[in-house]
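All remarks here apply to the structure that follows.
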Ligand code: ARG
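In the working numbering, the protein residues as written are 1360 to 1837.
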């Protein structure tokens, strides 16, 4: 039984009378103020619906619209005084609105709860952030295609197990990353689609008792439809999980690209020189350039995977419907999509300015250490009716002879080849150049010139049809 009186005076906002530590833990305005645009947008659409249903007078509606517009100006100009005692972005804006326009402001929350309000705001934010990330990825994908088109004639060893395997075109290698980022784009588009469902009108958990045309409000806010179940709408954060998951996989791909560029820019590989705009100098070793940004593409993948695990863990034990745990959704979502956006944009710059070292790439094919065209020997015999497993054994014998005598495959004489397997004819030598090996791989998706050019053409067509305007590339100002 409590004997303490309720806190006296002032508006009865949640948080009055809280212990300072509880207040600090409870407050989210430090990070959720970033939702101010979406919050005002949602309030304007909600107010318009209240007006349309006769729940607000024209005068009150006008006052609310003018008040929210003035608040938006203040926030954009940095003049807005955020108050932690008012807990979150929603209460800060509503309290300021009431200060400005009086009683009309106190009518805005009719038929609404912060539960459907915050879910609406976050969905709007995720939709815009997904567009920004898709635009940044489109920039990176474009850079990869352009560099691929320039490097169709450049060959290098392709690797498996980080061992030289078979010759490939550099363009095939670059276009492999294009494929990864294209799948990331599709996943973000898909996540955006499931975010585009509007919670407003669900109120606290049971739906609103006031007349409310939810489809009209959804359309006004750019959602595809209103949510189907009020209890689900206020507690669902699947859309946020999906967006973070798409970002985590995108960062995993950026990490692989970053790692490969770190490796390729070592003296040991020497396959690429990174532009000084994307590397740093060492503080004590003047000869060094460090691939810090590529390392961060790799390192930041870890935190975005962490964001995904954090939100999944927040959700897994929650009973229906809204629980305050859900306030922990925002920082991982913001962090994951910001990180993906910025890293994709940086990767675009790195790829555009990378200087591929054609002499080193070629030397890696020719220096005899890897025998990257040995498969050709086996394929040659297969074409003459030899079962592949037997042909493989003969090819292995040729490689052994080269290794024993320190020569390249194409340095063996026809007699030596015939000694390894009598079915090798003099025409086999022409098969052993890297050029011949790549050109034989003409099946769909292979490394022949025609196949790589077809991949580049398809990519250019996809990018030309990319649906997001370049204005989305500008980052949201926080
Ligand atoms: N700041 C809160 C959040 O982010 C808003 C919703 C609060 N709702 C409530 N019933 N306390 O989740």
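Note that beta-carbon positions come from the ideal geometry of N, C-alpha and C, so glycine has one too.
Query - Given 8 Å, three or more beta-carbon pairs between the segment 1509 to 1527 and the segment 1576 to 1588 - result: no
Query raised in the report: So what's residue 1665 in DSSP terms, helix, strand or just coil?
Result: The count along the chain shown starts at 1 and reaches residue 1665 at position 306. Three-state DSSP puts residue 1665 in a helix.
Requested in this report: For residue 1685, verify whether its CB is less than 7 Å away from any heavy atom of the ligand ARG.
Outcome: For this step, residue 1685 is matched to residue 326 along the chain shown. Yes, since a heavy atom of the ligand ARG falls inside the 7 Å radius drawn around the Cβ of residue 1685.
Query raised in the report: What is the rounded straight-line gap between the Cα of residue 1626 and the Cα of residue 1745?
Result: To locate residue 1626, count along the chain shown from 1; it is residue 267. To locate residue 1745, count along the chain shown from 1; it is residue 386. Cα to Cα, residue 1626 sits roughly 42 Å from residue 1745.
Query raised in the report: Quick one: Cα of residue 1736 to Cα of residue 1753, how far?
Result: Within the chain shown, numbered from 1, the residue matching residue 1736 stands at position 377. Within the chain shown, numbered from 1, the residue matching residue 1753 stands at position 394. Distance between the alpha carbons of residue 1736 and residue 1753 is about 8 Å.
Query raised in the report: Cβ of residue 1471 versus every heavy atom of the ligand ARG: is any distance shorter than 7 Å?
Result: The sequence position of residue 1471 within the chain shown is 112, counting from 1. No - the ligand ARG has no heavy atom lying nearer than 7 Å to the Cβ of residue 1471.
Query raised in the report: So, do the segment 1529 to 1542 and the segment 1499 to 1511 have three or more beta carbon pairs nearer to each other than 8 Å?
Result: yes
Query raised in the report: Mind checking whether residue 1606 and residue 1699 have CB atoms under 8 Å apart?
Result: As a working mapping, residue 1606 is identified with position 247 in the chain shown. As a working mapping, residue 1699 is identified with position 340 in the chain shown. It is a contact, given that the beta carbons lie within the stated cut-off.
Requested in this report: Specify whether the segment 1464 to 1480 and the segment 1772 to 1792 touch according to this definition: at least 3 beta carbon pairs, one from each stretch, less than 8 Å apart.
Outcome: no
Report task. Pick out whichever of 1432, 1526 and 1472 has its Cα sitting closest to the Cα of residue 1790. Result -> Reading the chain shown from its first residue, position 431 is the one you call residue 1790. Of the candidates 1432, 1526 and 1472, the one whose C-alpha sits nearest the C-alpha of residue 1790 is 1526.
Query - Contact test: residue 1477 Cβ vs the ligand ARG heavy atom, cutoff 7 Å - result: Taking the chain shown and counting its residues from 1, one reaches residue 1477 at position 118. Indeed, a heavy atom of the ligand ARG lies less than 7 Å from the Cβ.
Query raised in the report: Within 7 Å: the Cβ of residue 1387 and any heavy atom of the ligand ARG?
Result: Your numbering for residue 1387 matches position 28 in the chain shown. Yes, since a heavy atom of the ligand ARG falls inside the 7 Å radius drawn around the Cβ of residue 1387.
Query raised in the report: By Cβ distance below 8 Å, which residues in the same chain neighbour residue 1688 in space, the five residues on each side in sequence not counted?
Result: Residue 1688 sits at position 329 when you count from the first residue of the chain shown. Around residue 1688: 1481, 1596, 1599, 1670 and 1673.
Report task. Just tell me which of 1395, 1663 and 1616 has its CA closest to the CA of residue 1437. Result -> Position 78 of the chain shown, counted from the start, is the residue given in the question as residue 1437. Residue 1395 is the option with its Cα nearest to residue 1437.
Query raised in the report: Sorry if obvious, but does the Cβ on residue 1391 come closer than 7 Å to a heavy atom of the ligand ARG?
Result: Counting from 1 along the chain shown, the entry for residue 1391 is found at position 32. Correct: residue 1391 has its Cβ closer than 7 Å to the ligand ARG.
Query raised in the report: Roughly how many whole angstroms lie between the Cα atoms of residue 1765 and residue 1751?
Result: Within the chain shown, the letter at position 406 stands for residue 1765. Within the chain shown, the letter at position 392 stands for residue 1751. Spanning the two alpha carbons is a distance of roughly 21 Å.
Query raised in the report: Leaving out five residues before and five after residue 1758 in sequence, what residues of the same chain have Cβ atoms less than 7 Å from its Cβ?
Result: For the purposes of this step, residue 1758 is identified with residue 399 of the chain shown, where counting begins at 1. Correct list, in chain order: 1730 and 1733.
Report task. State the Cα-Cα distance for the pair residue 1720 and residue 1793, rounded to the nearest angstrom. Result -> As a first step, residue 1720 must be located in the chain shown, where it is residue number 361. As a first step, residue 1793 must be located in the chain shown, where it is residue number 434. Spanning the two alpha carbons is a distance of roughly 12 Å.
Report task. State the DSSP-derived secondary structure class of residue 1513, mapped to helix, strand or coil. Result -> Locating residue 1513 in the chain shown gives position 154, where the first residue counts as 1. It is coil, neither helix nor strand.
Query - DSSP-derived helix/strand/coil call for residue 1524 - result: The residue you call residue 1524 lines up with position 165 of the chain shown. If DSSP states are grouped into helix, strand and coil, residue 1524 belongs with the strands.
Query raised in the report: With a cut-off of 8 Å, do at least 3 Cβ pairs link the segment 1473 to 1490 to the segment 1674 to 1693?
Result: yes
Query raised in the report: Which whole-angstrom value is the C-beta distance of residue 1562 and residue 1470, which I expect to be below 8 Å?
Result: Along the chain shown, one-based indexing puts residue 1562 at 203. Along the chain shown, one-based indexing puts residue 1470 at 111. About 6 Å; that satisfies the 8 Å criterion.
**Report entry** Expected contact under 8 Å - CB spacing of residue 1629 and residue 1716 to nearest Å
**Finding:** As a first step, residue 1629 must be located in the chain shown, where it is residue number 270. As a first step, residue 1716 must be located in the chain shown, where it is residue number 357. Confirmed, Cβ separation roughly 6 Å.
Requested in this report: Out of 1825, 1738 and 1775, point me to the one whose CA is closest to residue 1796's CA.
Outcome: Position 437 of the chain shown, counted from the first residue, corresponds to residue 1796. Nearest C-alpha to residue 1796: 1738.
Requested in this report: Could you tell me whether the segment 1437 to 1453 touches the segment 1388 to 1402, using the rule of 3 or more Cβ pairs below 8 Å?
Outcome: yes
Query - Beta carbon of residue 1815 nearer than 8 Å to that of residue 1545 - result: If you number the chain shown from 1, residue 1815 lands on position 456. If you number the chain shown from 1, residue 1545 lands on position 186. Against a cut-off of 8 Å, the Cβ pair of residue 1545 and residue 1815 comes out as no contact.
Query raised in the report: So which of 1743, 1806, 1410 and 1726 has the shortest CA-CA distance to residue 1770?
Result: The residue labelled residue 1770 in the question sits at position 411 within the chain shown. Selected option, being the one with the closest Cα: 1726.
Query raised in the report: Quick one: what's got a C-beta closer than 7 Å to residue 1702's C-beta in the same chain, skipping five residues either side?
Result: As a position in the chain shown, residue 1702 is number 343, starting the count at 1. The residues are 1610, 1613, 1656 and 1659.
Query raised in the report: Under a three-way DSSP split, which group does residue 1649 fall into?
Result: Here residue 1649 corresponds to residue number 290 of the chain shown, with the count starting at 1. If DSSP states are grouped into helix, strand and coil, residue 1649 belongs with the strands.
Query raised in the report: Quick one: Cα of residue 1639 to Cα of residue 1650, how far?
Result: Stepping through the chain shown from its first residue, residue 1639 is reached at position 280. Stepping through the chain shown from its first residue, residue 1650 is reached at position 291. If I take the Cα positions, the gap works out to 7 Å.
Query raised in the report: Along the chain, where does the alpha helix (DSSP H) that runs through residue 1756 open and close?
Result: For the purposes of this step, residue 1756 is identified with residue 397 of the chain shown, where counting begins at 1. That run of the alpha helix (DSSP H) goes 1747 to 1764.
Report task. Identify whether residue 1360 lies in helix, strand or coil by the three-state DSSP scheme. Result -> Numbered from 1 along the chain shown, position 1 holds the residue referred to as residue 1360. For residue 1360, the predicted model reports a pLDDT of 36, less than 50, meaning its position is unreliable; a value from the coordinates is still stated below. Residue state, collapsed to three classes: coil.
Requested in this report: Provide the residue(s) that pair with residue 1556 in DSSP beta bridges, ordered along the chain.
Outcome: As a position in the chain shown, residue 1556 is number 197, starting the count at 1. Residue 1556 is bridged to 1584.
Query - Proximity test, residue 1449 beta-carbon vs the ligand ARG heavy atom, cut-off 7 Å - result: Counting from one through the chain shown, the residue named residue 1449 turns up at place 90. Yes, since a heavy atom of the ligand ARG falls inside the 7 Å radius drawn around the Cβ of residue 1449.
Query raised in the report: Which stretch, first to last residue, makes up the alpha helix (DSSP H) that contains residue 1382?
Result: Here residue 1382 refers to the residue found at position 23 of the chain shown. It spans 1379 to 1385 - the alpha helix (DSSP H) in which residue 1382 sits, taken as one unbroken run.
Report task. Verify whether the separation of the beta carbon atoms of residue 1401 and residue 1559 is less than 8 Å. Result -> Within the chain shown, the letter at position 42 stands for residue 1401. Within the chain shown, the letter at position 200 stands for residue 1559. Yes, the Cβ-Cβ distance between residue 1401 and residue 1559 is below 8 Å.
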